[in-house]
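Engineer: If you scroll down you'll find the structure; I have some questions about it.
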Amino acid sequence: MIGKFISTSDSKFQALEKYISVSEDRFQNLEAGQRHLQASVHNLETQVGKMAKLLSERNQGSLPSDTKVNPKQKQHLKAISLRSGKKLQPSNSPQIEKDTNPENDADTTQPQKLVVPEYKPKIPFPS
């Protein structure tokens, strides 16, 4: 009986040792993964710090890139593009500006009076 007890306890002890070694291996893998994640987070923190430093050094109120001067100086761009992507050529005809006189406009347009019909209340529905 004692021999049987010793043999079963030896097999249980070996199974326990195997379980402990597997657990230790898993724990070491988890520690290595955690160290890797900590290193990645540290790298991200340094990159964000560098970006913040660069942004704070930029002059406030100015654009971050250089602007180019218009070679034609004081001319305005006049371009028309359609939804289809075609671009229309500018017409060479001179543009005629309308001369509006407020005196002429007052004579031609007279305010029209709206005629509102008289309100007639409806007969209530019998109840």
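For the sequence shown, UniProt numbering gives the first residue as 1, with consecutive numbering after it.
We treat Cβ as the ideally placed atom computed from N, Cα and C, and that holds for glycine.
Straight-line CA distance for Thr46 to Gln28?
Structural biologist: Locating residue 46 in the sequence shown gives position 46, where the first residue counts as 1. Locating residue 28 in the sequence shown gives position 28, where the first residue counts as 1. So the two alpha carbons sit approximately 27 Å from each other.
Engineer: Just verifying my parser: in three-state terms, what is the DSSP assignment at Ser81?
Structural biologist: Here residue 81 corresponds to residue number 81 of the sequence shown, with the count starting at 1. Of the three classes helix, strand and coil, the one that applies to Ser81 here is strand, per DSSP.
Engineer: Could you please give the first and the last residue of the uninterrupted alpha helix (DSSP H) stretch that includes Ile6?
Structural biologist: One-based indexing of the sequence shown puts residue 6 at position 6. 2-57 is the span of the alpha helix (DSSP H), which, as asked, contains Ile6.
Engineer: DSSP state of Lys86, grouped into three classes?
Structural biologist: Residue numbering aside, residue 86 sits at position 86 when the sequence shown is read from its first letter. Coil.
Engineer: What is the rounded straight-line gap between the Cα of Pro124 and the Cα of Glu118?
Structural biologist: Here residue 124 refers to the residue found at position 124 when the sequence shown is read from its first residue. Here residue 118 refers to the residue found at position 118 when the sequence shown is read from its first residue. When rounded, the distance between both Cα atoms is 19 Å.
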